[in-house]
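Data block below; observations after.
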Amino acid sequence: MLNEFILNSLDTFNIIYLWTSIIKKNNKYELFYSVLTISILITISDNLGLNFVVTYIMAIVAIKIIYKMAFKNIIYGFLLIVLIDILMQLMLSLIIGKVVSSFLVKGFIIEIIILICVTVFLKINLLYINISFRNIDSNVLIYLISLCSVYAIIIKIIWNYYNYIILDNLWLTSLLISVLLISQILVYRYIVNIIRDKENFKISNEYNSVIKEIVEEIKQRQHDFVNYKNTIRGIIEILDEKEIKKAISKYMKDEDIYDNEINNLIYIDNVIIKSIIYLNICRARKYDINLEYKVENDVLDNILSYQEISNIVNNLLNNAFDEVLRDKCINKNIKIKIFTENYISHLIIQNKIVNDNDINLNEMFTRGYSTKNKDISGYGLYNVQSIVNSHKGYIKIKLDCEEIIFDIYFNNNYLYNL
Numbered sequence: 001m002l003n004e005f006i007l008n009s010l011d012t013f014n015i016i017y018l019w020t021s022i023i024k025k026n027n028k029y030e031l032f033y034s035v036l037t038i039s040i041l042i043t044i045s046d047n048l049g050l051n052f053v054v055t056y057i058m059a060i061v062a063i064k065i066i067y068k069m070a071f072k073n074i075i076y077g078f079l080l081i082v083l084i085d086i087l088m089q090l091m092l093s094l095i096i097g098k099v100v101s102s103f104l105v106k107g108f109i110i111e112i113i114i115l116i117c118v119t120v121f122l123k124i125n126l127l128y129i130n131i132s133f134r135n136i137d138s139n140v141l142i143y144l145i146s147l148c149s150v151y152a153i154i155i156k157i158i159w160n161y162y163n164y165i166i167l168d169n170l171w172l173t174s175l176l177i178s179v180l181l182i183s184q185i186l187v188y189r190y191i192v193n194i195i196r197d198k199e200n201f202k203i204s205n206e207y208n209s210v211i212k213e214i215v216e217e218i219k220q221r222q223h224d225f226v227n228y229k230n231t232i233r234g235i236i237e238i239l240d241e242k243e244i245k246k247a248i249s250k251y252m253k254d255e256d257i258y259d260n261e262i263n264n265l266i267y268i269d270n271v272i273i274k275s276i277i278y279l280n281i282c283r284a285r286k287y288d289i290n291l292e293y294k295v296e297n298d299v300l301d302n303i304l305s306y307q308e309i310s311n312i313v314n315n316l317l318n319n320a321f322d323e324v325l326r327d328k329c330i331n332k333n334i335k336i337k338i339f340t341e342n343y344i345s346h347l348i349i350q351n352k353i354v355n356d357n358d359i360n361l362n363e364m365f366t367r368g369y370s371t372k373n374k375d376i377s378g379y380g381l382y383n384v385q386s387i388v389n390s391h392k393g394y395i396k397i398k399l400d401c402e403e404i405i406f407d408i409y410f411n412n413n414y415l416y417n418l
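Following the UniProt record's numbering, the residues of the sequence shown are numbered contiguously, the last one being 418.
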């Protein structure tokens with residue numbers, strides 16, 4: 001029974017480790033508890049002769065309790081990983097079975113090889129997959145769950161009651177499961193891409209009016225060139241010769257700053273970033289805030305969706321404006337930087353703060369944390385962190401000379417190595 005428990009533990013660890021890595025829930029304690037609990041349940045159910053369906057139900061319930069996820073999300077992800085695990089076991093059996101006859105020894109060798117393969121596969125970052133079911137229609141998800149369930153149940157029934165069919169046709173069985181798995185992954189990817197495109201289209205439409213406003217603003221600035229000439233002519237005619245240079249220089253400086261702020265937006269390709277910066281330029285002028293930005297193209301486009309870019313940038317800028325608009329904030333400065341350096345994509349937003357002691361770095365990303373009002377729940381930074389984590393990104397926060405700097409970065413080195 002001990003050998004069976006160890007073998008079940010290895011198999012369960014491989015499944016849970018791969019599953020949690022894909023869905024970005026890499027908590028060591030949760031992984032330990034889930035593996036221990038499910039291994040005990042599987043060992044007990046096997047010794048009691050319970051049906052494998054009952055075993056799977058118990059495993060899914062245990063995962064639900066430990067990871068606190070929706071059942072439909074757990075079922076599809078878990079069964080998909082189970083199919084991958086079965087495929088790897090079958091393929092390794094073709095090789096190991098030729099040199100090892102003992103079922104127990106063969107099982108241990110196969111599970112250890114799978115563990116090594118999964119660990120290496122994840123550590124070298126080849127598995128850059130983000131499985132999320134938040135925006136997938138329930139009917140579509142139920143369809144995917146049904147297919148995976150049917151595949152898993154049929155394979156387990158054949159193995160439990162007619163295993164000679166699989167053993168006599170290992171190559172064919174492996175090929176069949178491979179086709180089923182690939183088709184499931186392709187269907188999932190197709191659905192995710194459609195949903196992402198729809199979201200981008202929806203967000204893009206919402207910001208179209210802002211883009212039109214930017215274009216009109218630029219046209220207006222060009223049209224105002226005549227007014228600039230008239231103003232300069234008036235300055236020349238009214239002021240003394242000694243005052244003319246100073247007055248014209250000041251006038252041109254003020255106009256050039258705003259012109260450059262608007263004109264530089266033309267060179268930003270991402271419609272969401274362009275719109276957000278424009279809206280905040282207008283907002284900054286209203287409250288006499290110094291807003292600077294430097295944006296490179298194609299930095300976040302292949303990492304975040306339009307909706308995710310909008311959520312992150314707007315949340316951080318809203319917090320920045322809230323801070324610099326406080327009465328005690330003297331230097332009302334906000335900077336936005338988006339660039340790539342050494343294959344790492346950076347989104348940096350920095351702003352002045354009133355007091356470093358008001359910032360609690362340990363709690364600021366906690367759900368509900370807010371510095372505005374104790375009666376108001378804050379979810380902005382929590383949502384930002386959730387999005388960044390889902391894409392294997394990082395958030396670095398620095399407090400320096402009454403200034404807070406948020407550096408959100410994503411390591412894209414794997415993209416350039418493929």
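Glycine included, every Cβ here is placed at the ideal spot set by N, Cα and C.
Problem set entry | V179, buried or exposed, once every other Cβ within 10 Å from all chains shown has been counted against 16 | The residue is exposed, with fewer than 16 neighbouring Cβ atoms inside 10 Å.
Exercise. Where V192 and I74 are concerned, what is the direct C-alpha to C-alpha distance, given to the nearest angstrom?
Worked result: Those two C-alpha atoms are separated by around 17 Å.
Exercise. So, is I157 buried or exposed, given that buried needs 16 or more other C-beta atoms within 10 angstroms?
Worked result: Its Cβ having fewer than 16 others within 10 Å, I157 is exposed.
Exercise. Considering only residues of the same chain and omitting the five flanking positions on each side of Q307, which have a CB-CB separation below 6 Å?
Worked result: If we look at Q307 and ignore the five residues flanking it on each side, its Cβ neighbours are E199 and I203.
Exercise. So what does DSSP say about K374, is it helix, strand or coil?
Worked result: Because the pLDDT of K374 is 44, which lies under 50, any placement of that residue in the model is unreliable, and the question is left without a value.
Problem set entry | Cβ contact (3+ pairs, closer than 8 Å) linking the segment 6 to 14 and the segment 39 to 54 | Short answer: they touch.
Problem set entry | Close Cβ partners of Y33 (< 7 Å) along its chain, the five nearest in sequence each way excluded | Setting aside the 5 residues that flank it on each side, Y33 is surrounded in the same chain by I66, each with a C-beta closer than 7 Å to its C-beta; the list follows chain order.
Exercise. When DSSP labels each residue in this structure, what does D269 get in the three-state scheme?
Worked result: In this structure, D269 counts as coil in the three-state DSSP scheme.
Exercise. So is G234 buried or exposed if we call it buried at 16+ other beta carbons inside 10 Å?
Worked result: Counting the other Cβ atoms within 10 Å of the Cβ of G234 gives fewer than 16, which makes it exposed.
Exercise. Which whole-angstrom value is the C-beta distance of L36 and T20, which I expect to be below 8 Å?
Worked result: So it is not a contact: roughly 14 Å between Cβ atoms.
For this session: Using the Cα positions of D322 and S310, report the straight-line distance between them to the nearest angstrom.
Result: Cα to Cα, the separation comes out at about 18 Å.
Exercise. Near D356, what residues of its chain come up, given a Cβ to Cβ distance below 6 Å and the 5 sequence neighbours on each side ignored?
Worked result: Same-chain partners within the cutoff: L399.
For this session: Could you spell out where the beta strand (DSSP E) holding I349 opens and where it closes?
Result: Boundaries of the beta strand (DSSP E) around I349: I344 to K352.
Exercise. Is the segment 281 to 289 in contact with the segment 173 to 187, if contact means three or more CB pairs nearer than 8 Å?
Worked result: As far as the Cβ criterion goes, the segment 281 to 289 does not touch the segment 173 to 187, which means the pair count is below three.
For this session: Would you mind listing the alpha helix (DSSP H) stretches within the segment 161 to 225 that are 4+ residues and don't spill past its ends, in chain order?
Result: Within the segment 161 to 225, the complete alpha helix (DSSP H) runs of at least 4 residues are 163 to 168 and 170 to 223.
For this session: Using three-state DSSP, classify V295 as helix, strand or coil.
Result: In the structure shown, the three-state DSSP call for V295 is strand.
Exercise. If you count every other CB in all the chains shown that lies within 10 Å of the CB of G380, and 16 or more means buried, which is it?
Worked result: The residue is buried, with at least 16 neighbouring Cβ atoms inside 10 Å.
For this session: Go ahead and label Y416 buried or exposed: buried means 16 or more other beta carbons lie within 10 angstroms of its beta carbon, across all protein chains shown.
Result: For Y416, the pLDDT reaches just 42, beneath the cut-off of 50, and the residue's location in the model is therefore unreliable, although a value from the coordinates is still provided. Label assigned to Y416: exposed.
For this session: Out of I330, S146, I273 and N314, state which residue places its alpha-carbon closest to the alpha-carbon of I289.
Result: I289 has its Cα closest to that of I330, out of I330, S146, I273 and N314.
For this session: Whole angstroms is fine: what's the gap from N208's alpha carbon to K274's?
Result: Distance between the alpha carbons of N208 and K274 is about 11 Å.
For this session: Could you please give the first and the last residue of the uninterrupted beta strand (DSSP E) stretch that includes T340?
Result: Taken as a continuous stretch (DSSP letters only), the beta strand (DSSP E) holding T340 covers N333 to E341.
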